[in-house]
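Numbering (the numbering used here), first residue to last: 311 to 754. All residues carry an ideal CB built from backbone N, CA and C; glycine is no exception. What follows is a short report on a single structure.
This is the structure in structure tokens:
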């Protein structure tokens, strides 16, 4: 009996024709034959649809808003160009990400520079290029930024990132809003930070920011974050006569990766944030600021499918496969090892076939923890077949490494039956080009 694809975890254009998986009108077996594996395939319709859905959800709330794509989830020049054409802003965390934003044509006024350990040269570049805001994480950074901008005639906008002491119901490694988290100013340090900004002629306080974590499916934590930001904005107005123009509760909306997981309601998310902001501003007689949200995973995760070739199997004593060994793994997708992330997969040439006994999928890397999927239901597979892994678009390539000196995968964008290579496969020559032989090393 054929098995349909769970629509909410696969790209919008995912279909099965004669048992074969198609994305964006392209047969994925043909894509793998053309570009090799591992291969990451992104569906343009799903990417654009997610960006438009965010804008529509917040536009319906009738308040000033901005949607900034969080580049850390996935960034290359082509993805940034899609962000630009859809009218989103961009959140970056490094000089190279900032450069990609500029190359892609994203207005610098629509870019925010984040990070807890920004280098001074990155801050200087952001200021010189005119980013809309530097999201300041700590007092040391604020001192360096004040020194950099001391002689500027046009003040640099800043948002102060707070640690609102809200526990996010998610994996500990992606919970970022607690008082002891590595990110953000403790609430008790906010006044000191504000006074630093007010004393710096080259800085202007635009607003407040918080981000409590990722993969959030419960809206109550996000509501609480928004409420803390409004409360602090009201306090600053009373104490310093400051009216903030922007509040951002960050991003973090969850994305399902298994058929049994339900996706969060984007419209409900927008409504909860807008209602909390409106109510808080009304209670404190504050003008409505811009509401800035920062989706990353929920823009790109569903759009991306990872393709791997099954290289070998490990068989049990009675001849059943217990492991499928693939040609990728933790170097292109560290999330199962790092966060216990779970994924869904199909065989690309038998995408609707009935499953066999549970089997695990192991990567090629020299780590016992390099297991991409554990005890998943797949048809009995053979070496040479193609495995397609859903919701692989976020925090995979952006966290990829060259462990075991294996080159990083190629990336293609599909739409309307056309595939475009948007990031070429790394080569072994490129990996080795940085190395110097001992007889080539100078004393300089």
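So, for residue i: in the same chain, excluding its five sequence neighbours on each side, which residues have a beta-carbon less than 8 Å away from its beta-carbon?
i, result
"residue 675", "639, 640, 641, 713, 714, 716"
"residue 307", "What is shown of the chain runs 311 to 754, which leaves residue 307 out entirely."
"residue 597", "553, 591"
"residue 741", "712, 715, 717"
"residue 567", "319, 611, 651, 652, 653, 654, 700, 701"
"residue 434", "458"
"residue 311", "Low per-residue confidence applies at residue 311: pLDDT is 43, beneath 50, and the placement is therefore not dependable, though the value from the model is reported in the following sentence. The answer, listed in chain order, is 664."
"residue 454", "430, 433"
Could you check where the alpha helix (DSSP H) with residue i kicks off and where it finishes?
i, result
"residue 646", "645-649"
"residue 365", "354-369"
"residue 505", "500-508"
"residue 338", "338-345"
"residue 556", "Not the alpha helix (DSSP H): residue 556 falls in the beta strand (DSSP E), residues 556-560."
"residue 452", "449-458"
"residue 671", "Not the alpha helix (DSSP H): residue 671 falls in the beta strand (DSSP E), residues 668-672."
"residue 393", "387-395"
"residue 580", "576-593"
"residue 443", "Careful: residue 443 lies outside any alpha helix (DSSP H), inside the beta strand (DSSP E) at 443-446."
"residue 433", "430-439"
Under DSSP, the beta strand (DSSP E) around residue i begins and ends at which residues?
i, result
"residue 525", "Here residue 525 belongs to no beta strand (DSSP E), and DSSP marks it neither H nor E."
"residue 401", "399-402"
"residue 632", "631-636"
"residue 684", "681-687"
Using the DSSP secondary-structure output, state which residues sit across from residue i in a beta bridge.
i, result
"residue 325", "332"
"residue 466", "513"
"residue 602", "376"
"residue 728", "725"
"residue 519", "471, 558"
"residue 619", "696"
"residue 656", "698"
"residue 720", "349"
"residue 733", "721"
"residue 563", "526"
What would DSSP say about residue i, mapped onto helix, strand or coil?
i, result
"residue 749", "helix"
"residue 738", "helix"
"residue 492", "coil"
"residue 568", "coil"
"residue 614", "strand"
"residue 483", "Unreliable placement is indicated for residue 483, whose pLDDT of 44 sits below 50; the coordinate value is still reported in the next sentence. Residue 483 falls in the helix class under three-state DSSP."
"residue 422", "strand"
"residue 410", "helix"
"residue 532", "helix"
"residue 315", "coil"
"residue 546", "helix"
"residue 625", "strand"
"residue 715", "helix"
"residue 539", "helix"
"residue 678", "coil"
"residue 384", "coil"
"residue 552", "coil"
"residue 596", "coil"
"residue 744", "coil"
"residue 640", "coil"
"residue 609", "helix"
"residue 703", "coil"
Counting only the same chain and skipping the five closest in sequence on each side, list residues whose C-beta sits under 6 Å from that of residue i.
i, result
"residue 552", "546"
"residue 481", "For residue 481, the predicted model reports a pLDDT of 40, less than 50, meaning its position is unreliable; a value from the coordinates is still stated below. Taken in chain order, the residues that qualify are 649."
"residue 663", "689"
"residue 441", "418, 421, 423"
In chain order, what residues of the same chain have a beta carbon less than 7 Å from the beta carbon of residue i, not counting five sequence neighbours either side?
i, result
"residue 730", "722, 723"
"residue 483", "A caution first: residue 483 carries a pLDDT of 44, below 50, which makes its placement in the model unreliable, though a value can still be read off. Closer than 7 Å at Cβ, skipping near neighbours: 648, 649."
"residue 428", "451"
"residue 456", "506, 510, 512, 513"
"residue 337", "330"
Whose C-alpha, out of the options, is nearest the C-alpha of residue i?
i, options, result
"residue 460", "514, 448, 427, 496", "514"
"residue 511", "739, 392, 466, 677", "466"
"residue 359", "720, 398, 376", "398"
"residue 396", "667, 414, 407", "414"
"residue 363", "383, 408, 473, 574", "574"
"residue 424", "616, 518, 595", "518"
"residue 644", "702, 450, 532, 452", "702"
"residue 375", "491, 541, 503, 555", "555"
"residue 565", "527, 531, 581, 535", "527"
"residue 448", "430, 458, 470", "470"
"residue 366", "733, 603, 753", "603"
"residue 609", "646, 525, 582, 349", "525"
"residue 734", "388, 749, 439, 464", "388"
"residue 268", "439, 476, 504", "For residue 268 there is no data in the structure shown, the boundaries of the chain being 311 and 754."
"residue 725", "326, 334, 324, 317", "334"
"residue 577", "322, 352, 371, 323", "371"
"residue 523", "516, 492, 661, 542", "492"
"residue 339", "698, 748, 705", "698"
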